[in-house]
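Add 1090 to a position in the sequence shown, counting from 1, and you land on the number used in my numbering. Heads up, the beta-carbon is just placed ideally off N, CA and C, and yes, glycines get one too. Model, not experiment: these values are computed from the prediction. Quick notes on the structure that follows.
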Amino acid sequence: MTKALESHAMCAVCSPAEHNPYSLGVALGCDERGLVSGHFTVCSRHQGYRGKLHGGIASSLLDAAMTHCLLHQGIEALTAQLDVRFHHPIVVGEQVVISAHCDTVRRGIYLLTAQLHVDGELRVSASGKFLQEKVRTS
């Protein structure tokens, strides 16, 4: 585990239960091309409107996936901007496929995209801007 991943061990989305029992417990993996993927099954406790995944949880899944793109490269960066588009609702009981990748890197600024699919259909997408945190000397 990289130092960057260790710093993320208490994440509300992807931490294992032994580190954070309140986490969603989403396992996110990264392939050799830097593409992050994972799965999440929507339960009734994840709903906002009756029977539908809460938009904040959908946004958190996307943010976590983009964060993992960077963590797996040993990069710790903070979300500076997150633009989310809700194409179609995700309902309780559905299994969500999460994916993310890094599009552009410029001087400590990382532009990433992520998607949530159900049965091959795009349900929610996001683009994010991440910035490396400046180290404080005092």
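- With distances taken between CA atoms, V1195 lies nearest to L1160 out of S1127, T1131, L1160 and S1105.
- E1096 sits in a helix when the DSSP states are folded into three classes.
- Contact annotation: A1190 and H1158 have beta-carbon atoms nearer than 8 Å.
- Fully enclosed alpha helix (DSSP H) runs of no fewer than 4 residues occupy 1093-1096 of the segment 1091-1158, in order along the chain.
- For the pair V1214 and A1148, the CB atoms are nearer than the 8 Å cut-off.
- Under a 10 Å Cβ-count criterion, L1206 is classified as buried, with 16 or more other Cβ atoms of the shown protein chains found around its own Cβ.
- A check of alpha carbon separations from C1101 across L1151, S1134 and F1220 identifies L1151 as the nearest.
- Excluding residues up to 5 positions away in sequence, M1100 lie with their Cβ nearer than 6 Å to the Cβ of N1110 in the same chain.
- Rounded to whole angstroms, Q1222 and Y1200 show a C-alpha spacing of 8 Å.
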